[in-house]
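Note that this note's numbering has the sequence shown beginning at 31, numbered continuously upward. C-beta atoms are modelled at their ideal positions from N, C-alpha and C, and glycine is treated no differently. Notes follow the structure.
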Amino acid sequence: RIDQLQILKDIAYKIIDFISQFEDELVKIWNKPKFVLNSNYVITLDRIAKKNGWEIIKKLPESKGWEEQVKEWKELGIIAEEPKNLFEKTLTGKELKKEYQFLPIDTKYFKDLELEILSLFDNLDEQLDGWLIKSENYQALNTILGKFKEKVQIIYIDPPYNTGNDGFIYEDKFRHSSWLTMMENRLSLARELMREDGLIFVSIDDNESYYLKVLIDAILNRENYLNTFCWVNNLKGRQILGKGATKTHEYILAYAKNKSDKNVELFRISVEKAKKLMPNSYRGLDYEVKSDELGTFVLKNELCNTNSYFNEETRPNLVFNIHYNFETKEVRFSNIDEDIEYEGFVKIPPKKNNDGIHRFHAWRWSKEKILKEIDNLEFIQTKDGVKIFTKIRKHNITALKEIITDITTTQGTHDIENLGFKNYFNYPKPLNLIELFILQTQIEDTILDFFAGSGTTAHAVMKLNKEDGGKRKFILVEMADYFDTVIIPRIKKVAYSFNWKDGRPQDADGIGVFFKYQIIEQYEDTLDNIELKENQKALELFQDEYLLKYFLDFETRESPYLLNIELLKNPFNYKLKVNLSEVGEPKEMVIDIPETFNYLLGLKIKKVKSRKNDNKKYLFVLGEKEGKIFAIVWREYSNSWGKEEFKKDKEFIKKELQKWSPEIVYVNGQSILSPKKFELRYIEPEFKKLMEKN
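In structure tokens:
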């Protein structure tokens with residue numbers, strides 16, 4: 031009987047080892063950075079014209095993609111008829127016609143011109159307004175981490191509320207623990223993407239708000255909690271069966287990555303903007319604007335502290351007499367019980383305290399501060415004596431309140447319906463709501479939204495850039511089909527005009543745009559590309575131990591899903607089986623190997639160019655990382671190259687890199703480059719290491 035139990039135990043351990051092997055492999059597949067399947071760009075004609083790309087603009091109507099591009103413009107409602115002539119004659123020469131300057135060119139129709147367009151730009155990433163990524167968001171954040179780590183200033187997300195009726199493609203009826211695990215994985219990656227002074231805003235309702243706050247406290251530290259904004263989004267209320275009182279509000283949790291005086295002071299908004307967005311919350315801000323030799327100001331508060339708690343007992347250093355000379359603007363002081371007068375000066379005692387215990391209220395400023403900032407005080411003679419007011423120089427700025435009013439969910443629906451998108455979303459977030467939070471950025475900051483929904487965040491960034499001339503950038507991640515049917519079309523429409531009604535532009539006064547959009551390999555795609563290659567020697571050596579513990583690791587090492595070094599000999603023809611639709615079988619397609627490597631390496635792209643040499647394609651990428659200049663050289667390479675091919679390759683690469691003067695050069699395949707001014711590295715081992723880092 032003991033022998034039988036031992037046999038059962040041995041079998042159980044072997045089963046556990048075998049299952050553990052599969053689980054470890056699945057975790058590795060989940061955490062593996064994903065390949066970029068394809069990349070396209072959208073750029074408006076004005077951006078090409080500003081780089082003197084007139085010849086490219088002339089080529090567009092002659093390109094085979096022109097007909098499809100015009101068809102798209104008509105479907106978007108941007109134009110009704112095909113442009114017959116993009117140019118008009120002016121006193122200075124030819125210029126784009128005003129109604130055509132913000133026409134969005136999508137390079138998916140113009141692959142023959144794409145690299146020619148990109149080569150116009152010397153600092154490509156700096157010129158981009160944003161990145162759109164179609165992907166499950168954990169996979170996207172994990173893939174872009176190398177490039178955008180500690181680069182994001184503001185994150186706004188509107189995750190599924192876990193109510194079961196939000197209509198998100200993400201499962202929206204988890205148990206609390208499962209929902210929190212989903213959020214924890216993504217918020218942990220988000221923290222790594224945030225700058226040290228970065229902020230994150232998370233929309234949520236009371237179904238998960240308490241759990242979510244505890245989670246973010248753990249990820250970002252409780253000390254970095256800033257505010258919980260209460261958004262009154264529906265004053266009429268939304269009755270939820272069996273849930274008691276009607277719902278009128280949601281929450282937005284606000285955290286800093288590292289709380290400091292700098293980011294705490296960020297919650298400011300212009301008086302003009304506050305009154306426009308939330309008139310009911312910002313009443314009574316119509317102060318008389320005055321001016322002096324230092325500029326304009328308003329008077330809001332008296333220098334006297336009106337709180338009776340601040341008195342001669344609690345603040346003895348702030349209770350004294352002020353003597354003021356209206357002619358010389360001079361100030362003197364005396365003790366509160368000192369019976370003294372100065373010739374030419376008016377004596378101004380502190381106000382009497384009415385708490386029945388103390389004699390006086392304290393001043394809000396010390397003697398030292400009064401002397402130092404006398405120009406910021408206004409002394410006004412009244413029939414009852416002299417009143418002292420503080421001058422507010424930054425009178426056009428006010429604090430953002432925790433209660434957000436006058437912005438409704440209905441506004442969000444109107445925002446996208448005016449653009450022509452109907453019946454896509456039940457409760458899209460309003461443009462004005464997102465604008466409140468991105469107002470906390472500087473003009474060149476980056477904003478991330480990895481539950482992008484209808485694309486409101488990108489719209490808000492573009493609107494704010496239009497208003498203040500900023501160059502803020504957006505990164506949006508979304509996995510649903512409305513990535514293609516709403517988000518990309520919405521940004522194209524807004525680029526052309528901010529004023530739409532019933533799906534038609536009311537003018538051509540947009541902002542223009544230049545952004546990249548990409549599709550990233552998904553977990554299911556990775557599974558489809560696993561290939562097992564039998565390792566007979568390992569089997570003979572380790573026998574049962576090999577099958578139980580190691581065969582998956584050994585036999586998948588050359589699968590295309592991880593990185594097949596052999597296939598990198600032609601990086602422009604690296605193929606994976608991919609399923610781009612929810613139905614049907616996966617199909618083999620060429621993927622974007624250079625762009626994948628750029629992400630994993632964390633390269634800030636400055637310049638790209640494509641060349642032909644000896645009938646072979648070359649792609650050169652110039653970039654920057656950690657203060658060093660990198661050049662990445664991709665070309666079609668063969669093991670059959672002889673001395674002559676290697677020599678031609680060497681001379682061609684040297685010639686193309688001459689103007690760039692890189693410090694580090696990566697090349698795929700072998701090379702006989704003999705660098706003196708740069709360090710030579712090979713792509714394959716670095717690529718492999720980056721793909722296996724998790």
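Look at residue 286 here: in three-state DSSP terms it is strand. Classified as buried, residue 77 has 16 or more neighbouring CB atoms from the shown chains inside 10 Å of its CB. Excluding sequence positions up to five before and after residue 680, its CB lies within less than 6 Å of the CB of 702, 703, all in the same chain and listed in chain order. Counting every other CB atom within 10 Å of its CB across the protein chains shown gives residue 309 a total below 16, marking it as exposed. Selection 155, 689, 510 evaluated against residue 707 yields 689 as nearest (Cα-Cα). Taking all protein chains in view, the Cβ of residue 380 is crowded by 16 or more other Cβ atoms within 10 Å, so the residue is classified as buried. For residue 518, the uninterrupted alpha helix (DSSP H) segment begins and ends at 518 to 526. Counted as a single uninterrupted DSSP element, the stretch harbouring residue 221 is not any beta strand (DSSP E) but the alpha helix (DSSP H) occupying residues 206 to 223.
Pairing residue 63 with residue 634, the inter-Cα distance amounts to about 18 Å.
With a cutoff of 8 Å on beta-carbon distance, residue 427 and residue 301 are scored as near each other. Under the 10 Å beta carbon count, residue 142 is surrounded by fewer than 16 other beta carbons and is classified as exposed. Excluding residues up to 5 positions away in sequence, 555, 558, 607, 608, 609 lie with their Cβ nearer than 8 Å to the Cβ of residue 616 in the same chain.
Its Cα nearest to that of residue 361, the residue 400 stands out among 336, 400, 350. Annotation for residue 326: 319, 320, 423, 425 place their beta carbon closer than 8 Å to its own, counting only its chain and skipping 5 residues before and after.
Residue burial is scored here from C-beta neighbours: residue 622 has at least 16 other C-beta atoms within 10 angstroms and is therefore classed as buried.
For residue 408, the beta-bridge partners assigned by DSSP are 419. Where residue 429 is concerned, the enclosing beta strand (DSSP E) starts and stops at 427 to 429. Put simply, the backbone Cα of residue 173 is about 12 Å away from that of residue 222.
Selection 226, 446, 515, 168 evaluated against residue 180 yields 226 as nearest (Cα-Cα). Following the DSSP letters along the chain, one finds residue 173 inside the alpha helix (DSSP H) bounded by residues 167 to 178. Secondary structure at residue 257: strand, using DSSP grouped into helix, strand and coil. When only Cα atoms are considered, residue 347 and residue 282 end up about 41 Å apart.
Within the DSSP secondary-structure output, residue 69 pairs in a beta bridge with 548.
The bridge partners DSSP lists for residue 605 are 620.
If you draw a straight line from the Cα of residue 79 to the Cα of residue 120, it comes to about 15 Å.
According to the DSSP assignment, residue 186 belongs to no alpha helix (DSSP H) but to the beta strand (DSSP E) extending over 182 to 187.
DSSP places residue 84 inside the alpha helix (DSSP H), whose first and last residues are 84 to 89.
The three-state reading of DSSP puts residue 679 in helix, counting H, G and I together. The three-state reading of DSSP puts residue 471 in coil, since its state is none of H, G, I, E or B. Our two residues, residue 388 and residue 456, have alpha carbons roughly 59 Å apart in a direct line. Here residue 706 carries a coil assignment [DSSP, helix/strand/coil]. Straight through space, the alpha carbons of residue 598 and residue 459 are spaced by roughly 44 Å. Here the region 150 to 168 makes no contact with the region 657 to 667; the two share fewer than three CB pairs at distances below 8 Å. Shown here, residue 397 sits in a helix according to DSSP, grouped into three states. Three or more beta-carbon pairs drawn from the region 95 to 108 and the region 509 to 529 are found closer than 8 Å, and the two stretches are therefore classed as touching. Counting only the Cα atoms, residue 516 lies some 17 Å from residue 529.
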